[in-house]
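Everything below concerns the one structure shown next.
Numbering (this note's numbering), first residue to last: 1366 to 1765.
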């Protein structure tokens, strides 16, 4: 005789398609709910990628600052290798460094200008212009929204592109190519501009050149497009320890301190900044790695918390984010903790405008991780809220 269980199974078996459909529908429902953000305060988040078989350009997510939830990325604009993004101060336009080898039939990278579509957040391409060199890897916009500054790693050059009233880009107003080398023959056989940004007052622009071991300083003139937007300052640069390879920098919110992260030396160097003359004075250098670590590593991103109380830096190899407390009077740093990036190769991270969340992009593991920030200590706690995206390398919040 058949057991009760077997009899029950025979009676229910004809209903299996309905049951499967119900379960699948319920699963889809849960998936949709998990990816939906209903908060009116949700922020748009744009993510740049290295493109290929799995990634097609700039992606869009939404972020809930109340819960730390990040939606799964959706393609916002198809473009090749948008490896760094910068938002216009009006929040109506987005600019992308397109790390390509040829543009318009010449050996140069490109910069793309996109319009943000109200409501949907989708991007519409407005214009593209040559980047003024090869291998553009970073760009920024001055606070008046008059120009884009771009660093070209391959050619070791920087350029400035005027921004039109409708957000479109004009051709480079000026392109400055550097010359020289430093002590690491594999990485410093020539200049490699890696970062450029205006200072808080738009008087000067500071550039990190990984190949020259220098922070270069330019007088910045974004308002007069007829004159060169960038001109060398006097003195034109500040040298760091040979072999360090300065990659990125971050200003303290008070404008009096600058923090430079060096990719090859795995250090952050604190500087006092004279914003009237565009000059740096070294204060302190600290390691981004814990004592005793002997593996391969490349330091990557550095950012200061909106409160000015903490500094964060990322390690690729150790795959961590290091936290420092900032003495707001002296600018000096003191160690707080290391936190795993929860993935491989955290090339970039961003703090949300509230300062309560840090979102890290792990390039080689293809995941984006949300951390909660303890605003009293600076410490990070992983929320477990992760999304997947192939080769994420830059993330920009659009503030409300």
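We put the CB at the ideal spot given by N, CA and C, even for glycine.
These figures come from a predicted structure and were not determined experimentally.
Reduced DSSP secondary structure (H/G/I, E/B, other) of residue 1599
strand
Are the segment 1597-1604 and the segment 1516-1526 in contact at 8 Å, needing three or more beta carbon pairs?
no
Cβ neighbour criterion (16 or more within 10 Å) applied to residue 1556:
buried
Could you check how far apart the C-beta atoms of residue 1696 and residue 1648 are, in whole angstroms? I think they sit under 8 Å.
6 Å
So, residue 1448 versus residue 1464, is the Cβ gap smaller than 8 Å?
yes
Short Cβ contact (8 Å threshold) for residue 1537 with residue 1497
yes
Out of 1450, 1501, 1431, state which residue places its alpha-carbon closest to the alpha-carbon of residue 1488.
1450
DSSP beta-bridge partners for residue 1445?
Paired residue(s): none; residue 1445 is not in a bridge.
Rounded to whole angstroms, what is the Cα-Cα separation between residue 1546 and residue 1558?
12 Å
With hydrogens ignored, establish whether the beta-carbon of residue 1752 is closer than 7 Å to any heavy atom of the ligand SAH.
With respect to small molecules bound, the structure shown includes none, and the ligand SAH cannot be examined in it.
Integer-rounded CB distance, given that residue 1567 should sit under 8 Å from residue 1508
6 Å
Relative to the C-alpha of residue 1663, which candidate in 1700, 1613, 1639, 1707 has its C-alpha closest?
1613
Which class does residue 1415 belong to by DSSP, given the choice of helix, strand or coil?
coil
Thinking residue 1412 and residue 1754 are a contact (beta carbons under 8 Å), I'd like their distance in whole angstroms, please.
6 Å
Does the count of Cβ pairs from the segment 1676-1691 and the segment 1702-1710 closer than 8 Å reach three?
yes
Kindly indicate which three-state DSSP category residue 1434 falls into: helix, strand or coil?
strand
contact_flag[the segment 1587-1595, the segment 1612-1630] where n(CB pairs < 8 Å) is 3 or more:
no
I think residue 1430 touches residue 1722, with their Cβ atoms under 8 Å apart; what is that distance to the nearest whole Å?
7 Å
Can you grab the Cα-Cα spacing for the pair residue 1747 / residue 1698, in whole Å?
23 Å
Cβ shell of residue 1551 (< 8 Å), same chain only, five flanking positions each side left out:
none
Would you kindly report the start and end of the unbroken beta strand (DSSP E) that includes residue 1541?
1539-1542
DSSP beta-bridge partners of residue 1493:
1477
Have a look at the DSSP bridge pairing and note the partners of residue 1483.
In DSSP, residue 1483 forms no bridge with anything.
Report the three-state DSSP secondary structure of residue 1646 (helix, strand or coil).
strand
Please classify residue 1765: is it buried, with 16 or more other beta-carbons within 10 angstroms of its beta-carbon, or exposed?
exposed
Taking the alpha carbon of residue 1693 as the point to measure from, which residue in 1560, 1619, 1582, 1526 has its own alpha carbon closest?
1619
At the level of alpha carbons, what is the spacing between residue 1604 and residue 1486?
42 Å
Rounded separation between residue 1533 and residue 1414 - CA only
22 Å
Is it right to say residue 1340 is buried, meaning 16 or more other beta carbons lie within 10 angstroms of its own, or is it exposed?
Any answer about residue 1340 is impossible in this case: the structure gives the chain only from 1366 up to 1765.
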